[in-house]
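Using full-length UniProt numbering, you'd call the opening residue of the sequence shown number 1 and step up by one each time. Some notes on the structure that comes next.
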Amino acid sequence: MLCLHPGFTTEARPRDCLPKGFPDSIPGTCHFVQHYCHPELPAAAPLADHVEAGRRELGIGPEYGDDRHAAAEAAAAPTAEL
1 MLCLHPGFTT EARPRDCLPK GFPDSIPGTC HFVQHYCHPE LPAAAPLADH VEAGRRELGI
61 GPEYGDDRHA AAEAAAAPTA EL
């Protein structure tokens, strides 16, 4: 959960802001990330640097055996017509 890691700024939003088909069985208030600032980087550093530092710290990415990003990219890639 992001709330366990410093640096995330979120905004509570109503459930109707969730994607279509989001399960009603998952309770709670939805929060959307507004900003991320890695606590060990200067606030003025580029957002990409903050995200990369957070990704490394949390062990997210293919080099850590996490292939969710690659799967999302593959799903979003255009398909060739037959």
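Cβ atoms here follow ideal geometry from the backbone N, Cα and C, with glycine treated the same way.
Check: To the nearest angstrom, report how far apart Thr29 and Cys17 are at their CA atoms.; Outcome: 11 Å
Check: Assess contact between the stretch 22 to 37 and the stretch 56 to 63, defined as three or more Cβ pairs (one per stretch) separated by less than 8 Å. Is contact present?; Outcome: no
Check: Taking only the alpha-carbon atoms, compute the straight-line gap between Lys20 and Leu4 and give it to the nearest angstrom.; Outcome: 27 Å
Check: What are the partner residues of Phe8, as DSSP defines its beta bridges?; Outcome: Tyr36
Check: Rounded to whole angstroms, how far is the Cβ of His31 from the Cβ of Leu41, which I believe are closer than 8 Å?; Outcome: Actually they do not touch by this definition, with Cβ atoms about 23 Å apart.
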